[in-house]
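Novice:
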Amino acid sequence: MPKPVICLVLLALLGSACAGNVTSFERPDPKGVYRNEEQVFCLKVPEDWDIRERFEGATVVFLSPLGGKQDDFRENLIVRVEELSEEISAQEYRRRKLEGLASELKGFQDVDEGEEGTRAWAVYRHQLADPELQVLAYFDVNASGGVKRGYVLAFSSPVDEFPKWEQKFRSIAGDLLFDLSRCPMVTPSPGSAEVPVWLSDTPTPGASPSPGETPAATPGAGGASPGETAPEVEATPGAGAPSPERTP
0 MPKPVICLVL LALLGSACAG NVTSFERPDP KGVYRNEEQV FCLKVPEDWD IRERFEGATV
60 VFLSPLGGKQ DDFRENLIVR VEELSEEISA QEYRRRKLEG LASELKGFQD VDEGEEGTRA
120 WAVYRHQLAD PELQVLAYFD VNASGGVKRG YVLAFSSPVD EFPKWEQKFR SIAGDLLFDL
180 SRCPMVTPSP GSAEVPVWLS DTPTPGASPS PGETPAATPG AGGASPGETA PEVEATPGAG
240 APSPERTP
């Protein structure tokens, strides 16, 4: 079987990374909690997803497990955070990003867009390689410590698989927190606050598990077994972080 090709797509934010140099993925937290003090956010992904920080210019990348021998695409989430020079709304931030995508992505198609609370989202398709991909991207802005930041969470999946993953993608995005006091430490200290109830842990009535989703772990369980080798991802030769002149 050929090595799985993992297409990590964050549009004009990152360019593309698909095939080429091998990069190992690590899991900072066995329960899927990711906390970033520097960029002031945290979220939770399924426990069996791989996590890699600062990969190809992204703030963090999350990869779903392969579904079987015939599965050569790992659905993924790429988070990119940037500092903003002005205060803008999430809707305006989305508009600016989509303008760039329309001119830079091959076969770009704007499928849908909307808002969830203060966050804006968009669904679009583009042709990176086979298969054609559909992306659900969330756009948000937040100011902390006098610094204004823009956040993009981009989930990608093959077009024909997207309906199976959409609810899972949206529940993960709903777990994004800017208030780190509500986010558990990766290694909780004695007497620390209880872990909050994450939206992605709340079952949707009548919903079927997403592909690759595993039952909730028993307390104390989770994480790779001793000696387990981390999965590998292939990246495009020369596909690095965007140049300083390029607007993310």
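Under numbering that gives the first Met the number 0, the letters of the sequence shown match residues 0 to 247, in that order.
Cβ atoms here follow ideal geometry from the backbone N, Cα and C, with glycine treated the same way.
(1) Straight-line CA distance for G113 to R93?
(2) Between which two residues does the beta strand (DSSP E) holding R79 run?
(3) Is I50 helix, strand or coil by DSSP?
(4) Is it right to say S180 is buried, meaning 16 or more other beta carbons lie within 10 angstroms of its own, or is it exposed?
(5) Taking 8 Å as the threshold (C-beta atoms), are Y150 and D139 in contact?
(6) Would the segment 33-50 count as touching the segment 59-75 if we require 3 or more Cβ pairs under 8 Å?
(7) Determine the closest residue to S88 out of E131, G56, A142, with distance taken between C-alpha atoms.
(8) Would you mind working out which of P162, G173, N35 sits nearest Y137, comparing C-alpha positions?
(9) Would you mind stating whether R51 and V39 have Cβ atoms separated by less than 8 Å?
(10) In whole angstroms, what separates the C-alpha of D178 from that of R34?
(11) Please give me, in chain order, every unbroken run of the beta strand (DSSP E) with length at least 3 that falls completely inside the segment 94-170.
Specialist: For this structure:
(1) 10 Å
(2) 75-82
(3) strand
(4) exposed
(5) yes
(6) yes
(7) A142
(8) G173
(9) no
(10) 11 Å
(11) 108-115, 118-125, 132-143, 146-157
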